[in-house]
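J.:
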Amino acid sequence: MNTFGGCTVIKDIKGIYLGADGNADSDRINLIYADTPFDFDKNFKALSKYTDEIRKAAVEATEEESVLVVVHEIYHSI
Numbered sequence: 163m164n165t166f167g168g169c170t171v172i173k174d175i176k177g178i179y180l181g182a183d184g185n186a187d188s189d190r191i192n193l194i195y196a197d198t199p200f201d202f203d204k205n206f207k208a209l210s211k212y213t214d215e216i217r218k219a220a221v222e223a224t225e226e227e228s229v230l231v232v233v234h235e236i237y238h239s240i
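So the sequence shown is residues 163 to 240, counted in the numbering used here.
(1) With H, G and I counted as helix, E and B as strand and the rest as coil, what does DSSP make of residue 163?
(2) Examine chain D for any beta-carbon lying closer than 7 Å to the beta-carbon of residue 169, and answer yes or no.
(3) Rounded to a whole number of angstroms, what is the C-alpha to C-alpha distance between residue 215 and residue 184?
(4) Alpha carbon to alpha carbon, how far is residue 173 from residue 204?
(5) Cα-Cα, which of 189, 192, 208, 222 is closest to residue 122?
Dropping the structure here:
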């Protein structure tokens with residue numbers, strides 16, 4: 163797996179979700195934030211493959227019931 167830059171890891175934060183019974187439940191989660199210098203639209207296929215590999219690695223490395231990978235385009239003002 164290739165990486166495109168640095169990342170930030172925030173461990174043991176409170177995650178809140180709606181349980182199957184309709185009640186709000188909480189769980190401790192880890193958040194990993196990474197960025198890329200690549201243009202989102204021009205490199206969509208490569209970024210999609212990269213996120214698939216991130217999810218696969220996270221599933222293999224943990225005993226978590228679920229792993230969520232989100233990709234979001236952000237514009238920075240200079």
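Beta carbons are placed, not taken as given, at the ideal position from N, Cα and C, and that holds for glycine.
All values reported here derive from a predicted model rather than from experimental measurement.
T.: Reading off the structure:
(1) For residue 163, the predicted model reports a pLDDT of 45, less than 50, meaning its position is unreliable; a value from the coordinates is still stated below. Residue state, collapsed to three classes: coil.
(2) Checking the listed chains, one finds no chain D in this structure; it contains a single protein chain.
(3) 32 Å
(4) 32 Å
(5) Past the boundaries of the shown model lies residue 122; the chain is included only from 163 to 240, so the question cannot be answered.
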